[in-house]
Amino acid sequence: KAAERLGLAVVRVPAYSPHAGAEHAVALILALNRRIHRAFNRTREGDFSLHGLTGFDLHGKTVGVVGSGQIGATFARIMLGFGCQVLLHDPQPDAALSALGARYVDLDELLAGSDIVSLHCPLTPTTRHLINPASLACMKQGAMLINTGRGALVDTPALIDALKSGRLGYLGLDVYEEEADLFFEDRSDQPLQDDVLARLLTFPNVIVTAHQAFLTREALAAIATTTLDNVDAWQAGRPCHRVQP
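The sequence shown: position 120 = 100 (this note's numbering), numbered continuously.
And the structure:
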């Protein structure tokens, strides 16, 4: 509203690299499944035992993808390449994904049938806390949940109960509902004030990254290029990615 009042144009970068976000979600899956984070810490301390490091073959598993926009579609194609069965949920189906063998289903069927659920949908009033106690109860016992979308897609305190009961066997987060006061700063010399996040970090089957899924050289270059193109287009009076008031 202030920009509109002052006659300032507000522009945006609508897309930069769907591969960055999709590949980070896959990295979280692989790290959680094969306990890479635990193995890394062990071997650095001279512990070369294999106890507790057993994973599973991704091939043949069912992966549920919530949101099949650019990032979700890229992620779905990667998982199809692993030999997974892919279930999709999106109000706007992508015929190209269906042609590759992915199948659109309603959310309850996706949650109940998936070994891995990955969230790639936008945050809207209808998707806020899409994953909540009721939806977690629908999931397979021991399923994996990945969220590289938006933190508020998930009712975070409900994850703790699901992890304690074993309903969730693995959890990978790159976003967090209360991240605004935490992420993108070095807070290693301060006590962590967020009790929910602190509790999540105590679980050995949880990996949290600090909103870095977008962070590739290619994505940063695309963000910079699109931003400069927006400025040039605005200055020349050409259409740009302008946010409409």
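Here a beta-carbon is modelled for each residue, glycine too, at the ideal position from N, C-alpha and C.
All figures in this text were calculated on a predicted structure; none of them were measured in a lab.
Skipping 5 residues on each side, what residues in its chain have a beta carbon closer than 8 Å to that of residue i?
i: glycine 63; result: Leu38, His39 and Gly40
i: isoleucine 16; result: Leu10
Could you check how far apart the C-beta atoms of residue i and residue j are, in whole angstroms? I think they sit under 8 Å.
i: leucine 139; j: leucine 103; result: Actually they are not in contact, since the Cβ atoms of leucine 139 and leucine 103 sit about 17 Å apart, beyond 8 Å.
i: serine 48; j: leucine 77; result: 6 Å
i: proline -6; j: histidine 221; result: 6 Å
i: alanine 193; j: glycine 1; result: 5 Å
i: leucine 180; j: valine 186; result: 5 Å
i: aspartate 88; j: threonine 42; result: No, aspartate 88 and threonine 42 are not in contact; Cβ-Cβ is about 14 Å, not under 8 Å.
i: valine 155; j: threonine 128; result: 7 Å
Quickly, what does DSSP pair residue i with across the bridge? List them, please.
i: arginine 222; result: Val(-9)
i: histidine 69; result: Val46
i: tyrosine 84; result: Leu68
i: serine 98; result: Val45 and Ile126
i: isoleucine 111; result: Val134
i: valine 211; result: Paired residue(s): none; valine 211 is not in a bridge.
i: valine 176; result: According to DSSP, valine 176 bridges with nothing at all.
Counting only the same chain and skipping the five closest in sequence on each side, list residues whose C-beta sits under 6 Å from that of residue i.
i: threonine 206; result: Val(-7)
i: arginine 14; result: Gly35
i: leucine 90; result: Gly44, Leu67 and His69
i: histidine -16; result: It is glutamate, not histidine, that sits at residue -16 in the sequence shown. Excluding residues within five positions, the ones whose Cβ falls inside 6 Å are Pro225.
i: proline -2; result: Gln50, Ile51 and Thr54
i: valine 6; result: Ile58
i: threonine 136; result: Glu157 and Val176
Which residues in the same chain have their Cβ closer than 7 Å to the Cβ of residue i, if we skip the five residues on either side of it in sequence?
i: alanine -11; result: Trp214 and Arg222
i: aspartate 174; result: Glu158 and Leu162
Worksheet item: At what residue ranges does the segment 128 to 173 contain a whole run of the alpha helix (DSSP H), taking only runs of 4 or more?
Response: 136 to 145
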